[in-house]
Structure formats: C-alpha cells, structure tokens
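A.B. asks: full-length UniProt numbering applies: residue 1 is where the sequence shown begins, and numbers increase by one. We treat Cβ as the ideally placed atom computed from N, Cα and C, and that holds for glycine. Here it is, the structure in full.
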Amino acid sequence: MTRVLIVDDDPQLVRALRITLTVSGYQVATAPDATTALTLAGRTPPDLVILDLGLPDLDGVAVIDALRGWSSAPIIVLSARHHEPAKVDALDAGADDYVIKPFGMPELLARMRAALRRATPGSEAAPIVRTAAFTVDLSAKRVTTVAGDVRLTPTEWHLLEILVREPGRLVTQKQLLHQVWGPGYDTETNYLRVHLANLRHKLEPDPARPRYLITEPGIGYRFTPDHDPI
C-alpha cells in the first residue's frame, strides 16, 4: 500500500484528506508541523508527501530541503501562496508539484497518481546513454558521474528521460509540460526553468554554459549528446 505523509496544521483539511486518501487505497500518516513530519518520515519513509508551506514551526521549503537530503519521494505542495516566487522557491528546493488552495480532491488525486507514476521504475528494457560528463541508465533509472550516483527527484528524472530518449531533437515546452505534469499546465513554464536549472547544476560540467541540456528560448529544450561515442 502506498504510504502518504500529510503535513498541514489545518485539522479540517487534514481530516478531509485522510478520509479521501484512505478510501482511495492509500496508507495515511499526518503531521501538524515540520518537526513531527521529519520525525515520522525518518521512522517510516513515505512514498509521497503532501506538504503545506505555512507550518507553525518551520517554513515548508525548509521541510523540502530536509527531505531532499535523503529522500526522492514525490513532494506535492499545497499552499495558499499563489505568487510565482513562492512556486519557484518550492520547486527549486525539490518539490515535484504545486497545488494552490482551495483545490478539488479529484485534481489532487490525479496529481498524486502522476507523481507516483514518475517515481515508479518501469520494467521495460531501455538503453544506456553515455556522455563525457554523465551516464543515464534508462532501465535502472540511474544517473552517474565520475563522482558517483546522482540523486534526482522523480520530476527531474522524468524530464531528463524524455530529453535523452530524443537526442538532438527539440522537445517543446508544451510537450514537456503535458508529459510530466499533464494537460492544463501550458503556462507553467517556470516549472521547466526551475527543474532544468537543477538538472544542469547536477549534471553539467559548467551549468552556466550548458553543453548537454540546451534551452531554445521561448520554444523548448533539447539534449545534445557528444558527437563521438564514449
């Protein structure tokens, strides 16, 4: 059973989420603050985290930072903060999705399913893509550099996988947004900016001058492999 940790100090919302998710087949744990959440997550690692940013003891972004130190479980932020900087801060810290309150339960459940699909390894055989800077094992969902394994969030992995499966080909912003987050995200280009910046920081030898993960301004992105096989 998929374990979901809900971190929110609104008891009515937590109760509604617990009932809905339990009926939907999830195993649910709840925490009213950051300290309890991190304790519970360390004791029983969740498969997915639903996180409010306005917690009584710590800002939710600090919780994302703490979890991303050891966990790659999808994190879906629930927040009344609707301004773009708040979204960017949460995504930059490692959140996989951002849902603005108030929201509909069917939409949240759909986003949870999408996040869990991105986090679940597929069973099909897939190639290994090698560059001079990093290697991507598409079957094992593993990325390595000379320094060792690289920890990616599920969303970072999904974006990288889409790009490396289409070497040299332009993948539009709309295609990426639809494939990773789903229909209705056509205008959320800040999601792409943040996650691609994180990927470059983790994989590119010089993130400020990317060699492999290239932006085509206003259009999309492309993966440019080495000309000579490694």
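1. Our contact map puts P205 next to R211 with C-beta atoms below 8 angstroms; I'd like the distance itself, whole angstroms only.
2. When DSSP labels each residue in this structure, what does G218 get in the three-state scheme?
3. Just to confirm my understanding: we take P154, look at its own chain, exclude 5 residues before and 5 after, and list those with CB closer than 7 angstroms. What are they?
4. Whose C-alpha, out of L196, T20, M1 and F223, is nearest the C-alpha of E107?
5. With DSSP run on the structure shown, which of helix, strand or coil describes G54?
6. Between which two residues does the beta strand (DSSP E) containing L5 stretch?
7. Compute the Euclidean distance between the alpha carbons of N198 and V88, then round it to the nearest angstrom.
8. With burial defined as no fewer than 16 other Cβ atoms inside 10 Å of the residue's Cβ, what is the status of E166: buried or exposed?
9. Helix, strand or coil for D206? Go by DSSP, reduced to three states.
10. In the UniProt DNA-binding region "OmpR/PhoB-type" (126-225), which residue ranges form an unbroken beta strand (DSSP E) of at least 3 residues, counting only runs that do not cross its ends?
11. Where D9 and T44 are concerned, what is the direct C-alpha to C-alpha distance, given to the nearest angstrom?
12. Is it true that the stretch 59-71 meets the stretch 15-30, where meeting means three or more beta-carbon pairs spaced less than 8 angstroms apart?
13. Which residues bound the alpha helix (DSSP H) around T44?
C.D. replies: In short, the structure shows the following:
1. 7 angstroms
2. coil
3. S72, P74, D96, A115, R118 and A119
4. T20
5. strand
6. R3 to V7
7. 12 angstroms
8. exposed
9. coil
10. 128-130, 135-137, 142-145, 213-216 and 220-223
11. 20 angstroms
12. no
13. Element bounds for T44: n/a, residue is neither H nor E.
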